[in-house]
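Residues -18 to -1, 1 to 130, numbered by mature numbering (1 follows the signal peptide of the UniProt record, and there is no 0), are exactly what the sequence shown covers, in order. Note that beta-carbon positions come from the ideal geometry of N, C-alpha and C, so glycine has one too. To start, the structure under review is shown below, and the notes come after it.
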Amino acid sequence: MMRFLPLLAACLLTNALADPVYKCTQDGKTSYSDRPCVHGKSVELPAPVGIRPEGAESVPTRDARTLLQLEKLRIAREKEQKREQERSDKADARQARAAATHRKQCARLNLRKRWAEEDVARLTGRAKVAAQRRSKRATEALAVECPA
C-alpha cells in the first residue's frame, strides 16, 4: 500500500493543478473558487500557466548571459592552464636534454682521461712524457667540465 502512496499523491496534485479557476461575483463581492458559483455570476478564468511578473523575461536572459560568460571564462582558464603546462613540459624536456648532453660529455672526458693514464703506464721515454702531458690535460678538462 505504501508503494502506491507517491503515485496517488502525484495523480491528485496533477488533477489539482489542471482544475479550472472560477471568479464568482455575488452581491458585489468577488471570490475565487474551483467550482462555479451556485448563486450569482461565475466566469471561468484561464489556467495561470505562463503568467510572469513584469520584467521576468529578462531574468532568465541575464542568467543565461552570465552562465555563458562564466563558461567562456572557464574555457579560457583551462586553455591558459594547458598552455602553461605545455610550456612547463617543454622546459623540463629541454633541461633533461641538456643534462643528458652534459653527462655524455663528462663520460667522454672521463674516458679520454682513462686512456691517457693507460698510455702513461704503457709507454717509455719521450712518448711517456707526451702521454703524461696528455693525461694532465685530460684530468684538468674533466675537472673543469665535470666537477665532482
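Out of the options, which has the shortest C-alpha to C-alpha gap to residue i?
| i | options | result |
| --- | --- | --- |
| E100 | R90, Q87, Q114 | Q114 |
| A98 | K86, D74, V111 | V111 |
| P129 | A58, K118, N92, T106 | N92 |
| T83 | E68, E122, E127, T7 | E127 |
| D16 | G10, K23, V3, T7 | V3 |
Can you look up residue i in the DSSP assignment and give me helix, strand or coil?
| i | result |
| --- | --- |
| V20 | coil |
| A121 | The identity of residue 121 in the sequence shown is Thr, whereas the question assumes Ala. Helix, per DSSP. |
| T106 | coil |
| N(-4) | With a pLDDT of only 49 at N(-4), under 50, the local geometry of the prediction cannot be trusted, and no value is derived from it. |
| V126 | helix |
| T12 | strand |
Compute the distance between the beta-carbons of residue i and residue j, then report whether it is under 8 angstroms.
| i | j | result |
| --- | --- | --- |
| L124 | K95 | yes |
| V20 | K5 | no |
| T43 | K23 | no |
Give the range of the beta strand (DSSP E) segment to which residue i is assigned.
| i | result |
| --- | --- |
| C6 | 3 to 8 |
Quick one: does residue i have its CB under 8 angstroms from some CB of chain C?
| i | result |
| --- | --- |
| R69 | Included in the structure is just one protein chain, with no chain C present. |
Start-end ranges of the alpha helix (DSSP H) lying completely within the region 57 to 110, minimum 4 residues: none
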